[in-house]
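Written as structure tokens, this is what we have:
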């Protein structure tokens, strides 16, 4: 069966510090991968998606970047965090080969920038 | 691009009553509509989905209806229980299709009172 992991689960970082959040998927190959951000009490904002290794598409201009160094690994980064980067970050995957379009979410990382 | 509107933003019901959440979408080419349930501090979990070739789908106490002509779809929860309390998100599959991006509604906070 497929499993998606995110770490860390929670993170408190000072303004101006770097960021690295990791997402890995087990039990599938060639997934599409997605990073979302959810501000407190708000909806899901798509930040980045990737349809393959090294292929990253950005949805909104921002202080963050994403990379996909391996097939089942997706990393969200920042060189200098802003207060507005605080939020709940969710990774999701889909296996397009099945044609089912279903996205599955990870447990999330709660980031607080102080 | 695709836009999804969701109503109401909050919904309070008595245990045993029914709850209905409605969403409208803008892109008539959208063909996949999932519903997610998000409990506090967790990632969204898929609870039911529907594709554009069917008008209704049911899974125990949960049902989803789709009206392609009017471009709206609804989630129906019958015999609500306190554990149904959560935030519910609707979504529509955006184009281009090979990205499998989802556009989410803004969420409905459902509270079921015992």
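Protein chains in written order, with my numbering: chain F, 345 to 458; chain B, 2 to 115. Even glycine gets a Cβ: it sits at the ideal position worked out from N, Cα and C. Computed from a predicted model, the values in this text were never measured in an experiment.
If only uninterrupted beta strand (DSSP E) runs of at least 3 residues are considered, those enclosed by the region 393-432 of chain F are 399-402, 409-414 and 417-422. Here the region 56-64 of chain B makes no contact with the region 90-108 of chain B; the two share fewer than three CB pairs at distances below 8 Å. The Cβ of residue 456 of chain F sits no closer than 9 Å to any Cβ of chain B. Counting only the Cα atoms, residue 394 of chain F lies some 10 Å from residue 415 of chain F. Chain order gives no chain B residues near residue 392 of chain F, where near means a beta carbon separation below 7 Å; the closest approach is about 11 Å. Residue contact with chain F for residue 28 of chain B: absent (no Cβ-Cβ distance below 9 Å to any residue of chain F). In this structure, the alpha-carbon of residue 25 of chain B lies about 4 Å from that of residue 73 of chain B. Listed along chain F are 395 and 440, each with a C-beta nearer than 8 Å to that of residue 99 of chain B.
The beta carbon of residue 428 of chain F is closer than 6 Å to none in its chain, skipping five residues each way along the sequence. Nearest to residue 37 of chain B by alpha-carbon distance, out of B/109, B/115, B/113 and B/114, is B/109. The alpha carbon of residue 425 of chain F has as its nearest neighbour, out of F/353, F/362, F/350 and F/355, the alpha carbon of F/362.
Against chain B, the CB of residue 386 of chain F has a partner CB under 9 Å away; the residue lies at that interface. Below the 7 Å Cβ cutoff, chain F contributes 390 and 393 as neighbours of residue 102 of chain B, in chain order. The Cβ neighbour count for residue 399 of chain F, taken over all protein chains shown within 10 Å, is under 16; the residue is labelled exposed. Under DSSP, residue 35 of chain B takes part in a beta bridge, and its partners are B/50. Cβ neighbours of residue 34 of chain B within its own chain (closer than 6 Å, five residues either side excluded): 51, 74 and 93. When only Cα atoms are considered, residue 435 of chain F and residue 383 of chain F end up about 15 Å apart.
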